[in-house]
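In the numbering used here, the protein residues as written are 1 to 316.
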């Protein structure tokens with residue numbers, strides 16, 4: 001009787017035993033948070049260039065100082081009579097809107113967009129079950145049944161579950177190589193600089209009386225009264241008159257947005273303002289207006305800055 005009760009107790013305990021499932025570890029990669037990108041600072045506005053009128057200055061002289069057409073300078077400042085200026089008057093010496101810094105034009109870095117949402121752990125198809133549940137059976141008592149039940153309980157094991165295959169996440173995009181730096185412009189005062197922009201020739205035939213200096217801003221060429229004065233390069237006449245003290249009868253030619261040339265002390269002016277002229281075209285006759293001898297005072301300016309003409313003119 002005791003033996004029967006013990007066997008019955010063993011059968012009941014074996015049927016109620018539940019095997020613990022093997023631990024499942026989620027090894028899928030966690031979603032990466034988007035990288036915070038600091039927005040570029042707003043473009044910095046540069047101060048608008050201005051000029052304060054001093055005693056004795058004229059609109060033509062100020063325009064020559066900055067390499068401008070005096071008509072444009074007057075229009076930018078809403079001046080109807082260029083001959084009337086006040087001491088202390090502030091003039092804008094740049095086209096409207098040209099002094100404001102432009103927005104960034106270089107390569108723009110954008111945040112990398114995340115593809116899809118968070119990665120979820122999903123069961124992998126066609127894999128063995130992660131756990132095996134025991135089945136309770138009613139078996140007639142026998143020594144053989146008891147031995148078989150004991151061997152099944154000792155030898156049963158859970159089937160290991162292979163870890164899920166990691167899903168690769170997109171890495172940061174490879175930045176495009178930066179464009180090569182622009183070549184540094186050469187010194188504008190060297191011979192041959194910007195010869196591609198302006199094709200120069202000598203404005204008159206004669207001996208150089210006085211070379212270029214920072215004080216004179218140009219050079220003097222000797223000659224006879226009435227000798228031809230020609231345009232040193234093609235362009236447009238932006239001034240023709242005698243309104244600039246110390247220059248006599250003066251012609252100013254604007255060749256492009258960078259270069260202009262000036263011809264002073266002429267006797268007769270043969271061109272008018274806003275007239276287009278060709279390189280080598282006769283524009284005046286040499287004289288001695290507002291000076292003590294017959295000569296041509298010749299100036300070349302790059303963005304208003306005086307340049308030594310002999311460094312850009314062809315060799316004689």
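C-beta: ideal position from N, C-alpha, C; glycine also.
Around the Cβ of residue 187, are there at least 16 other Cβ atoms within 10 angstroms (buried) or fewer (exposed)?
Its pLDDT being 44, under 50, residue 187 is placed unreliably by the model, and the measurement read from it follows with that caveat. With fewer than 16 other Cβ atoms from the protein chains shown falling within 10 Å of its own Cβ, residue 187 counts as exposed.
Local Cβ density within 10 Å of residue 34, reported as buried at 16 or more and exposed below that:
exposed
Residue 231: buried (16+ other C-beta within 10 angstroms of its C-beta) or exposed?
buried
Check this for me: beta carbons of residue 266 and residue 248, under 8 Å apart or not?
yes
Of the choices 58, 250, 205, whose alpha-carbon is the least far from that of residue 79?
58
Do you know whose CA, among 88, 281, 316, 277, lies nearest residue 238's CA?
277
Is it the case that the Cβ atoms of residue 229 and residue 312 are separated by a distance below 8 Å?
no
Once DSSP output is grouped into helix, strand and coil, what is the label at residue 200?
Shown here, residue 200 sits in coil according to DSSP, grouped into three states, outside any helix or strand.
In terms of alpha-carbon separation, which member of 200, 201, 61, 49 lies closest to residue 217?
Selected option, being the one with the closest Cα: 61.
Quick one: residues in its chain with C-beta nearer than 7 Å to the C-beta of residue 199, no 5 flanking neighbours on either side, listed in chain order?
233, 279
Answer with buried or exposed for residue 235, where buried requires no fewer than 16 other C-beta atoms within 10 angstroms of its C-beta.
buried
Which listed residue (48, 73, 55) has its alpha carbon closest to that of residue 97
48
At which residues does the beta strand (DSSP E) containing residue 236 begin and terminate?
235-241
Using a Cβ-based criterion (distance less than 7 Å to any ligand heavy atom), does residue 46 qualify as near the ligand NAP?
Questions concerning the ligand NAP fall outside what the structure shown contains, since it holds no ligand whatsoever.
Under the rule that 16 or more other beta-carbon atoms within 10 Å means buried, what is residue 69, buried or exposed?
buried
CB-CB length for residue 246 against residue 290, believed under 8 Å
6 Å
Going by beta carbon distance, what residues of the same chain come within less than 6 Å of residue 285, once the five residues before and after it are set aside?
226, 267, 268
Measuring CB to CB, does residue 240 end up less than 8 Å from residue 271?
Less than 8 Å divides the Cβ of residue 240 from the Cβ of residue 271.
Pull up the distance between the alpha-carbon of residue 250 and that of residue 262, whole angstroms please.
Here the alpha carbon of residue 250 sits roughly 7 Å from the alpha carbon of residue 262.
For residue 38 and residue 306, the rounded distance between their alpha carbons
45 Å
Tell me the rounded alpha-carbon separation between residue 214 and residue 308.
9 Å
Let's test the definition: count the other Cβ atoms within 10 Å of the Cβ of residue 257 and tell me whether it reaches 16, buried, or not, exposed.
exposed
Can you tell which of 302, 224, 67, 303 has its C-alpha closest to the C-alpha of residue 287?
224
DSSP bridge partner residues for residue 263 (one or two, in chain order)
When DSSP reads this structure, residue 263 sits in a beta bridge with 251, 298.
Which residues bound the beta strand (DSSP E) around residue 92?
According to the DSSP assignment, residue 92 belongs to the beta strand (DSSP E) that extends over 90-92.
Under 8 Å between C-beta atoms of residue 66 and residue 93:
In this structure, residue 93 lies closer than 8 Å to residue 66 by Cβ.
So is residue 90 buried or exposed if we call it buried at 16+ other beta carbons inside 10 Å?
exposed
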